[in-house]
Ligand code: NAD
């Protein structure tokens, strides 16, 4: 199988590519991978193994998913696309929403058009729980309404609808996943877990939005990657799969865990003005992917978080310097 992975130099995309090449995902033996990434601020070549480590199995193309001509050149010969490429940081979307509409919506439409033209067999669209909005109680199923609140979430919801329309109108063999918050190695330091971890490791304060009572579900990136692979191999066209994991924590709970793991005291917590439109709680009902595809999370939150803090502690060269926030 030959797979094109868009956004494959970012946090989750690169974890997926490495797992494919290492053969740790179901059905990944001998899979050949092409990474297409714009290599903006979030995409890093050093997130990926050297092509020489996987002769004939890894190709890396620098390019934009909005570039239809490039896609027409690159796509033919691939059996599947896993589409990660997106602007991904909510805070940035508050200040520059148009960049999110461009990459996330126009990029997805351009990719879908190119897949149709190239006759690409299978398409997995990587989306997020944030498209559902915010809920104080209960859990969202895949049929819950899309009620996004941030420009990031709105652009992702629009991209989900672009994919849905391509399935309905043109019979594209595409499935969409909506995953909860991921944590793991190689996540950009602008995101909560690495931002707080790297600051605490330097003895610096961490900014908690508002009262810190916002609830998120946390999933280790390796569990997300396995879910994506199961959807790629066995997911149904037009079907959405929630990928939650069930590990809920408030931002204050999470901050407390990170303080402990970094050996830091509570005096380093600084409450700051809340994020505009900050969603209070996300919670997914993920019974569909568990029952239909046999997925379940394997990484326990406490162990996974400790491993991730250890990774940042041991890889200061990856995040220190200009990238440190
Ligand atoms: P990331 O920002 O680390 O990676 C995104 C990658 O996409 C980067 O390498 C970037 O260079 C690339 N990219 C952006 N715009 C592009 C364009 N126009 N053309 C080509 N490449 C482009 O983000 P991530 O956390 O790895 O997220 C990957 C995907 O997973 C996104 O679609 C995101 O919405 C989704 N997701 C993320 C999470 C999470 O917790 N991080 C949770 C659920 C879903």
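Numbering (this note's numbering), first residue to last: 16 to 340.
We put the beta carbon where it would ideally sit given N, CA and C, even for glycine.
For a test of the three-state rule: what should DSSP assign to residue i, helix, strand or coil?
| i | result |
| --- | --- |
| residue 21 | strand |
| residue 310 | coil |
| residue 56 | coil |
| residue 86 | helix |
| residue 180 | helix |
| residue 264 | strand |
| residue 152 | coil |
| residue 32 | helix |
| residue 230 | strand |
| residue 104 | coil |
| residue 290 | coil |
| residue 206 | coil |
| residue 250 | coil |
| residue 168 | helix |
| residue 125 | helix |
| residue 187 | coil |
| residue 174 | helix |
| residue 323 | helix |
| residue 81 | coil |
| residue 278 | coil |
| residue 61 | helix |
| residue 112 | helix |
| residue 273 | helix |
| residue 217 | coil |
| residue 37 | helix |
| residue 336 | helix |
| residue 245 | helix |
| residue 118 | helix |
| residue 157 | coil |
Any idea which residues DSSP pairs residue i with across the strands?
| i | result |
| --- | --- |
| residue 257 | 193 |
| residue 10 | The structure shown does not extend to residue 10, since the chain spans only 16 to 340, so no value can be given for it. |
| residue 297 | DSSP, once it has assigned bridges, lists no residue as partnering residue 297. |
| residue 198 | 235 |
| residue 2 | As shown, the chain starts at 16 and ends at 340. That puts residue 2 outside it, with no answer to give. |
| residue 137 | 95 |
| residue 47 | 17 |
| residue 74 | 49 |
If contacts are defined as beta-carbon pairs under 8 angstroms, then residue i and residue j qualify, I think. What distance do you get, rounded to the angstrom?
| i | j | result |
| --- | --- | --- |
| residue 261 | residue 307 | Actually they do not touch by this definition, with Cβ atoms about 17 angstroms apart. |
| residue 25 | residue 78 | So it is not a contact: roughly 14 angstroms between Cβ atoms. |
| residue 108 | residue 81 | Going by Cβ atoms, the distance from residue 108 to residue 81 rounds to 17 angstroms, so no, they are not a contact pair. |
| residue 247 | residue 95 | 6 angstroms |
| residue 347 | residue 189 | It is not possible to answer for residue 347, since the shown part of the chain is limited to 16 through 340. |
| residue 76 | residue 46 | That belief does not hold up - the Cβ atoms of residue 76 and residue 46 are roughly 17 angstroms apart, past 8 angstroms. |
| residue 199 | residue 323 | 6 angstroms |
| residue 29 | residue 251 | Not confirmed; about 27 angstroms, so no contact. |
| residue 265 | residue 228 | 5 angstroms |
| residue 87 | residue 129 | 6 angstroms |
Are residue i and residue j closer than 9 angstroms when you measure CB to CB?
| i | j | result |
| --- | --- | --- |
| residue 320 | residue 267 | no |
| residue 179 | residue 253 | yes |
| residue 66 | residue 74 | yes |
| residue 176 | residue 138 | no |
| residue 145 | residue 174 | no |
| residue 230 | residue 284 | no |
| residue 244 | residue 51 | no |
| residue 334 | residue 204 | yes |
| residue 5 | residue 207 | This structure leaves residue 5 out entirely; the chain is present only between 16 and 340. |
| residue 98 | residue 126 | yes |
| residue 142 | residue 171 | yes |
| residue 213 | residue 327 | yes |
| residue 89 | residue 72 | no |
| residue 234 | residue 312 | yes |
| residue 226 | residue 294 | no |
| residue 211 | residue 291 | no |
| residue 256 | residue 191 | yes |
| residue 27 | residue 287 | no |
| residue 38 | residue 16 | no |
Please determine whether the Cβ atom of residue i lies at a distance below 8 angstroms from any heavy atom of the ligand MN.
| i | result |
| --- | --- |
| residue 102 | Looking for the ligand MN in the displayed structure turns up nothing; the ligands present are the ligand NAD. |
- Query: Is the segment 194-212 touching the segment 129-136 in the sense that three or more CB pairs, one from each, lie closer than 8 angstroms?
  - Reply: no
- When the Cβ atoms of the segment 226-240 are set against those of the segment 19-35, are three or more pairs found closer than 8 angstroms? yes
- Query: Counting pairs of beta carbons, one from the segment 290-303 and one from the segment 137-154, are three or more of them closer than 8 angstroms?
  - Reply: yes
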